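Q:
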Amino acid sequence: MDEIKSETQRIALGLIEQTLPKAEWTHEAHLRAGLWHAFHYDDETALNLMRKRICAYNVATGGVNTETSGYHETITRFYLCMIRACLNNIENENSMDELAQKVILKLGDKELPFRYYTRERLFSTEARLAWVAPDIAALP
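So the sequence shown is residues 1 to 140, counted in UniProt numbering.
(1) In the structure shown, what three-state DSSP assignment does Tyr116 receive?
(2) Do the CB positions of Lys110 and Cys86 come within less than 7 Å of each other?
(3) Could you check what DSSP says for Ala133 in three-state terms: helix, strand or coil?
(4) Run the CB neighbour count on Glu93, radius 10 Å, all protein chains shown included, and call it buried at 16 or more, exposed below.
(5) Alpha carbon to alpha carbon, what distance is there between Tyr57 and Glu67?
(6) The alpha helix (DSSP H) with Leu47 in it runs from where to where?
(7) Please report the Cβ distance between Glu73 and Leu129, rounded to the nearest whole angstrom; I am assuming they are in contact, meaning their Cβ atoms lie under 8 Å.
(8) Starting from the Cα of Tyr102, find the closest Cα among His40, Arg115, Ala60, Arg84 and give me that residue.
(9) Cutting at 8 Å between CB atoms, please list the residues of its own chain near Gln9, excluding the five before and the five after it.
(10) Applying the criterion that 16 or more other CB atoms from any shown protein chain within 10 Å of the CB defines a buried residue, is Arg115 buried or exposed?
(11) Can you round the beta-carbon distance between Tyr117 and Pro140 to whole angstroms, since I take them to be within the 8 Å contact cut?
(12) At which residues does the alpha helix (DSSP H) containing Ala100 begin and terminate?
(13) According to DSSP, is Trp25 helix, strand or coil?
(14) What is the DSSP secondary structure of Met1, counted as helix, strand or coil?
Now the structure itself:
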């Protein structure tokens with residue numbers, strides 16, 4: 001394997017290889033993994049890979065992906081959309097970890113999705129299993 005050059009790459013590879021300790025799979029780690037995928041792939045590929053890799057990681061670390069727990073399609077797609085919007089407005093001359101810090105600063109508030117979704121809509125079974133559009137405000 002190539003030398004790991006950043007914390008963001010370490011987290012992304014830990015997700016991909018299912019070796020990231022479960023305790024390290026935090027909101028910030030989700031953002032870093034999403035950034036890494038958005039940086040390296042087009043939107044559709046990034047989403048498909050994140051979906052596949054999060055589901056596999058959940059199972060590998062003892063979790064399950066059901067109608068009530070595990071992978072959440074709408075939250076994953078929401079954050080990938082927000083990360084892409086950040087990347088479009090940030091100078092890409094920064095290192096991956098500098099980009100990550102900017103993304104985390106902008107998107108790190110766990111309440112951010114509720115500026116766009118009601119809790120009922122975001123936490124619905126429908127939203128966990130498939131993309132649902134925001135019901136409060138449009139995404140950027």
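We put the beta carbon where it would ideally sit given N, CA and C, even for glycine. Here the structure is a predicted model, which means the values were calculated and not measured.
A: Per the coordinate set shown:
(1) Taking the first residue of the sequence shown as position 1, residue 116 is located at position 116. Tyr116 falls in the coil class under three-state DSSP.
(2) Reading the sequence shown from its first residue, position 110 is the one you call residue 110. Reading the sequence shown from its first residue, position 86 is the one you call residue 86. Remark: C-beta atoms of Lys110 and Cys86 do not approach each other more closely than 7 Å.
(3) Stepping through the sequence shown from its first residue, residue 133 is reached at position 133. Three-state DSSP puts Ala133 in coil, outside helix and strand.
(4) Residue mapping note: residue 93 aligns to position 93 of the sequence shown, counting from 1. Exposed, because fewer than 16 other Cβ atoms sit within 10 Å of the Cβ of Glu93.
(5) Residue numbering aside, residue 67 sits at position 67 when the sequence shown is read from its first letter. Residue numbering aside, residue 57 sits at position 57 when the sequence shown is read from its first letter. Distance between the alpha carbons of Glu67 and Tyr57: 17 Å.
(6) If you number the sequence shown from 1, residue 47 lands on position 47. From DSSP, the alpha helix (DSSP H) with Leu47 extends over 43–60.
(7) Here residue 73 refers to the residue found at position 73 of the sequence shown. Here residue 129 refers to the residue found at position 129 of the sequence shown. Right, the Cβ-Cβ distance comes to about 6 Å (below 8 Å), so this counts as a contact.
(8) Along the sequence shown, read from residue 1 onward, the residue named residue 102 stands at position 102. The sequence shown places Lys at residue 102, not Tyr. The residue with the shortest Cα to Cα distance from Lys102 is Arg84.
(9) To locate residue 9, count along the sequence shown from 1; it is residue 9. The residues are Trp36, Met96.
(10) Taking the sequence shown and counting its residues from 1, one reaches residue 115 at position 115. Exposed, since its Cβ has fewer than 16 Cβ neighbours within 10 Å.
(11) In the sequence shown, residue 117 corresponds to position 117, counting from 1. In the sequence shown, residue 140 corresponds to position 140, counting from 1. Not quite, the Cβ-Cβ distance comes to about 14 Å (not below 8 Å), so this is no contact.
(12) For the purposes of this step, residue 100 is identified with residue 100 of the sequence shown, where counting begins at 1. Residues 96–107.
(13) Residue mapping note: residue 25 aligns to position 25 of the sequence shown, counting from 1. Looking at Trp25 - three-state DSSP - the assignment turns out to be coil, as it is neither helix nor strand.
(14) The count along the sequence shown starts at 1 and reaches residue 1 at position 1. In this predicted model, Met1 has a pLDDT of only 46, less than 50, meaning its place in the structure is not dependable; the value taken from the coordinates is given anyway. Assigned with DSSP and collapsed to three states, Met1 falls in coil, not helix or strand.
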